[in-house]
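The structure under discussion appears below in the form of structure tokens.
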Amino acid sequence: MIAQGHPRSIGKHVPRREDPYLLRGEGRFLDDIAEPKDTLFLSFAMSPHAHARILAIRTDAASALPGVVAVYTAEDMARFVKPIRTVIEIQGYRASSRMVLAQDEVRFVGEHVAVVVAEDPYIAQDAAELIEVDYEPLPAAVRLEEADSESAPLVHEDIPRNVMFEAAFASPDFQAAFESAEMIVSETFRTGRVAGVPLEPRGCLALLDHVADSLLFYTSTQIPHLARTALSEILDFPEPRIRVVTPEVGGGFGTKAQFYTEEVVTAALALNLRRPIKWVQDRREELLTSIHARDHIYRLEAAIDGEGRIKALRTDLTTNAGAYSSYPFGCTLEATGGARMIVGPYDIRNYAFHTRAIATHTCPSGAYRGVAQPSCFMAIEGLMDRIGRKLGIDPATVRQRNLIRSEQLPYTNVLGVRYDTGSYEECLRRALERVDYWNFRKRQAEARDDDEVLRGIGICCFTEVAGAGSGGWRVRGLTKVPGFDSASIKVEPTGKVTLLVSQAAAGQGHLTTFAQVLADYLGVKVEDVFVSEGDTATAPYGTNTFASRGAVAAGGAVIKAAQSLRQKIARIAAFLLDVDVERVELTESKAIDKENPEKSVDFRQVAQIAYSMTSVALPQGESFGLEVVEMYDPPLATWPNAVHAVVVAVDRRTAKVSIEKYVVVHDSGRLINPMIVDGQIHGGIVQGIGEALMEQIVYDEDGQMLNANLLDYLMPMALDVPQIDISHIETPSIDALGGFKGVGEGGVIGAVPAVTNAVADALARTGANINRLPLRPSYLLREMRRRQLAVDGDRK
Amino acid sequence: MALQFTLNGKTVEFSGEARTTLADCLRHHLGQTGTHVGCEHGVCGACTVIVDGEAVRSCLMLAVQAEGSHVTTVEGLSEGEDLSPLQAAFRKHHALQCGFCTPGILTTAHALLTHEPDADEERIRHVLSGNICRCTGYLPIIEAILDARAAYADGRRGKPA
Amino acid sequence: MKLSRLEYARPASVAEAIELLQGTEGAKIIAGGQSLMPVLAFRLAAPPLLVDIGRLEDLRGTEITPVGTRLGARVRWCEIERDAALRRAQPLLAAMTDHVAHYQVRNRGTVGGSLAHADPAAEMPGVAVACDAIMHVAGPAGIRDVKSEDFFEGPLQTVLAEDELLVGLTLPPWPPGRRWAFEEFALRRGDFALAGVAVHYGRDAEGRAHGVRVGAIGAGETPLRLHAVEAELEGRKIGEALISSAAKLAAASVDPMNDLHADAEYRRALVATLFERVMLRAEHRQEEGENGPAVHP
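Which chain is which? The protein sequence lines are A, B and C, in order. Under the working numbering, the first residue of the first sequence is numbered 1, with each subsequent residue one higher. Under the working numbering, the first residue of the second sequence is numbered 797, with each subsequent residue one higher. Under the working numbering, the first residue of the third sequence is numbered 958, with each subsequent residue one higher.
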């Protein structure tokens, strides 16, 4: 398929095309787009209560402020906007709808109750402060543990006991296997509520094209196509007359893979007021209202044999859905994800789960990088360590005994999911070697009880669900998530190539990597390819960019389209070269005669004929143009795998955690651009270090968020980051075109469990049991002291 | 409120409300949108600009406080299409992904290396600890800045060799 | 997060600044703005008038004399970082203020701003209290001097009246051979400390400590002097047992708060740990003891 012996682009460190303009400060992010002079700006009035009845809203003072054009409440909005209703076709899901402004009742702090439209963003905010709302505060169900009870206040009247979603599964022989096992190891794991916090908050700009009576909608999103369809349905405005454009997007991480109420409001007001409308979110709003994630409780029970092999595993998972089901993934994504992915790279033949998503009076949860996987692997990997401790077997050995062996691949797991290829044992072997595992264990055994510094090592072996196709989304009931992606290739009359992709990158370097893929599969020079995406007026429809699907889904679409177009190019070239088409090979923007390589025509010559711009006529039977669109539906999923191994030092007195060594052995199949792949892994790991050690959104018992600012929502900074040793194994997928497996989330998935296990291992000597996030010093010290007090008590 | 200052070598005028931050003045009144705003409360560093030779957060300064000053933004770091050695090092080391934080990190690094061309890794990490990057994990940024030091040696102030 | 509407004035003198403060109720002083601007961005305060003292030359500069070191309110962290003479003259000031915030903030943030903002976890108020500084406060009636321990009244609260402004402070001279150390613990470098402890003392020929000062930040509603601990150490030879008992006393004599970053129990334990560590460092410091931390160019 690819010409042998010719330059290849895939696998090379190609510098990014995105860089020069971004480095010159010329990147056009949402708020960098120059708005028309008559643009109006929005500011939302937000609920100060977690749960309250709205008794009255007075907008007179706000409306009277000079520069204010209008103030809208839910009542005004209901005239032209339908509620957002997240459809998920799965048993056990109870849908809730959400008006874009709260009507009658507010359900989390920060929920919008009114919106000001003004000539200037400063004035808009002045006016929002003048909106007076009478609330009758109501009891709130804030913490997951509290909301999950018979007596908890209800978040939605029609959702009994706050259970928004519930599902269960048991494999046929589960009960027998569980009951007949030698022993049970169990543990409860509590993860911490975190958020994606892209450095660019969200925002949108809605412009009317009065001639075409259409809406041009710029929005900082990962899902332009899905957003367009949603806008059309909610606004009852024809989809062909909506053009959604994503400018540069300043980080997404899933936070921007949801469709939000403010997008509806901005578009609706532009249509209603017939004026351009801009809304730019500020950081406080971002932390209060962009989706949160990972507020989970895992109760695991493993039935094991004396060698540490898991004979049966039971998971009971509870996730915090927040006040509403976010769109389009809803409250089921984390609950199904955590329960289904947890078996990971292990040969677990008997499995049962019970999983629920509980509504609370907090910001809705959604799809943040890794979704439930950092937490479900924290749980299963934490359990692996506990199995080792219980049996006196090294935890690395426990893993080796449970991993799916290479000869078992392709492997169908207990849930019926196929892993096509992988390198589970090899990744672990290599990671242990690179982190010098067994020597570390020797040194650790020599440590003394009164050492001021405690050292520990943590491992995480994982598989990652990536690149899911239509089947993968349907299995989880997410029928509004299509699963396929698309590519449109046009060899222009000049011979240069335009590649339009159905995605929307937020820093992943698509303009570079898709050019690399096309270069190899079409036989075109990489510099002759121009990639564009994120504009629904030009790009073909697709599922867009999240869940590690870029390389797999869009990469596959590029390959499919290239394969289709190269046939036509070869036929025309064969005609020009006067040889059989089988003798034609495309390479470096040329078609050459394989048997006589000096004989060639370039793409321009072929294109001139295809576009009828030369004296030579197009061969009979060929259609004009050199253009093709292909949709590609990837397999149910691709399954990258990796092992992270981490050494930490913990100051026994302050409980400060320092990461001394960080090793990753990663297998995401065939790599397109190793530089970009490493960048994804680095970035994910640092987010995972943040999630493990410091990040946490904190609500008090009344549902006030205590850290809706970046002084108190702590993310890793340059001083908090260790050196990271990454090595790759490339086991191509045999199910996905191109062999790519996806790489967007592996970093964070591996980091959270590995760091947690390392800290837990370091503290094991003190008797502390570390099973919740984040691993803040105050928590760690409390656990060490609790244990110490218990020991002292026993002595007395 | 009306005032003048020098922006990337040219005199500019601002007329607007006293409460306008320097960041908003640069972006929305003077159309220089390379300086980004990520938190508006002085934590993320995306809005870093150089005022009278020193890196500062432009969201924590009123525009009026820059009256008469020399302000350099990311737009002033290179000339025309050519990347400065610092910018080129960022590209080489893949020190940016989404690019939103990048202008503030470039201005910070430029100010640092102008004053301290021999800053070591430790010093660079300390200085960068006032900038949040959510994409890269910082390591490539540190490498890029280390790599760019040569262009600041011998008073070259980041100019190409 | 746009600021509320406000007026702006840039007085030419301290006297004019005070007149402006007198003329508008709720007017606020701004200099570097590194503490005030975030407060304004969150609209936690909405002063009708900002009085910008950021260009008053009188408030700049450092003076090192035999009677002490005088710092103008406008001295910035980056200036302390680069001033080798100042770092030698006041090593504890240098060491503590090295922990303040980040590069960009250090280029604008001022000594006076930090003192007037009075965050109980901030380093500069801790320096003032640990070193018995005298604060110089200008008001309608002229300058009055306030002892540092009397200056701080609570979290973000000082004795400064609405029409007063802090123009500078004087730190007593640092006697040669003084033992000292400072340590703080923050979740990330540059964040406000969960707690910090500073000690300094002289040592007589017999090795007994005298003139002991123990300061703590992040351990109460204001920066603290731990008088009971000072009394415990005063006149005694410093040894492991004494450090250990004094550390318990230190923990018992602070009243730290619970917040989302750490509970009071943790902070209390931290004060004991940091106290032990600074005492050991102070004891092991080389005899000359005068060299402050390294200078950045």
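Beta carbons: idealized from backbone N, C-alpha and C, even for Gly. A quick note: this is a predicted structure, and the numbers were derived from the prediction, not measured.
Own chain partners of residue i with C-beta closer than 6 Å, once the 5 adjacent residues on each side are dropped
i: Ala372(A); result: Glu334, Gly337, Gly338
i: Gly1018(C); result: Gly1029
i: Val643(A); result: Cys427, Leu428, Ala431, Cys461, Val665
i: Val197(A); result: none
i: His890(B); result: Pro936
i: Pro137(A); result: His49, Ala52
Test: residue i CB closer than 7 Å to a CB of chain A
i: Ala1075(C); result: no
i: Lys1205(C); result: no
i: Thr903(B); result: no
i: Ser874(B); result: yes
i: Glu1244(C); result: With a pLDDT of 46 at Glu1244(C), under the threshold of 50, the modelled position of this residue cannot be trusted; read the value that follows with caution. It does not; no Cβ of chain A falls within 7 Å.
i: Arg1146(C); result: yes
i: Phe886(B); result: yes
i: Leu818(B); result: no
i: Phe801(B); result: no
i: Arg953(B); result: no
Beta carbon proximity, residue i to chain B, threshold 7 Å
i: Arg455(A); result: no
i: Met675(A); result: yes
i: Asp520(A); result: no
i: His1059(C); result: yes
i: Glu200(A); result: yes
i: Arg1000(C); result: no
i: Leu804(A); result: Within the shown structure, residues of chain A are numbered from 1 to 796, placing residue 804(A) beyond reach of any answer.
i: Val743(A); result: no
i: Met1053(C); result: no
i: His666(A); result: no
Under 7 Å between C-beta atoms of residue i and residue j
i: Phe484(A); j: Met613(A); result: no
i: Val847(B); j: Gly25(A); result: no
i: Arg401(A); j: Glu307(A); result: yes
i: Gly370(A); j: Val748(A); result: yes
i: Thr932(B); j: Gln893(B); result: yes
i: Ala885(B); j: Ala946(B); result: no
i: Val517(A); j: Val453(A); result: no
i: Val579(A); j: Arg571(A); result: no
i: Asn673(A); j: Thr494(A); result: no
i: Asp1107(C); j: His1093(C); result: no
Near the ligand COA: residue i beta-carbon under 6 Å from a heavy atom
i: Leu55(A); result: For the structure depicted, the ligand COA is absent and the ligand set is empty, with no information on it obtainable.
Endpoints, beta strand (DSSP E) assigned at residue i
i: Gln800(B); result: 798 to 803
i: Asp279(A); result: Contrary to the premise, residue 279(A) reads as Trp rather than Asp in this sequence. 277 to 280 is the span of the beta strand (DSSP E), which, as asked, contains Trp279(A).
i: Asn641(A); result: 641 to 651
Close beta carbons around residue i, own chain, < 8 Å, minus the five adjacent residues each side
i: Ile975(C); result: Ala1095, Gly1096, Pro1097, Asp1120, Glu1121, Leu1122
i: Ala102(A); result: Ser47, Ile54, Ala74, Glu111, His112, Val113
Unbroken alpha helix (DSSP H) run spanning residue i, endpoints
i: Ala268(A); result: 261 to 273
i: Trp1034(C); result: 1034 to 1039
i: Asn757(A); result: 746 to 764
i: Asp520(A); result: 510 to 522
i: His682(A); result: 674 to 693
i: Asp19(A); result: 19 to 23
C-beta neighbour in chain C for residue i, strict 7 Å
i: Asn707(A); result: yes
i: Met613(A); result: no
i: Ile282(A); result: Here the sequence assigns Asp to residue 282(A), which means Ile is not the residue at that position. Yes, its Cβ sits closer than 7 Å to a Cβ of chain C.
Check your understanding: On the three-pair Cβ rule with 8 Å, is the segment 351 to 358 of chain A touching the segment 467 to 475 of chain A?
Key -> These segments do not touch.
Practice item. Could you say if the segment 1156 to 1174 of chain C and the segment 1127 to 1137 of chain C meet the contact criterion of at least three C-beta pairs nearer than 8 Å? Key: Contact between the segment 1156 to 1174 of chain C and the segment 1127 to 1137 of chain C is present: three or more C-beta pairs spanning the two stretches fall below 8 Å.
Check your understanding: Can we say the segment 173 to 181 of chain A touches the segment 220 to 235 of chain A, given the rule of at least three CB pairs closer than 8 Å?
Key -> Touching, no, given that fewer than three Cβ pairs across the two stretches are closer than 8 Å.
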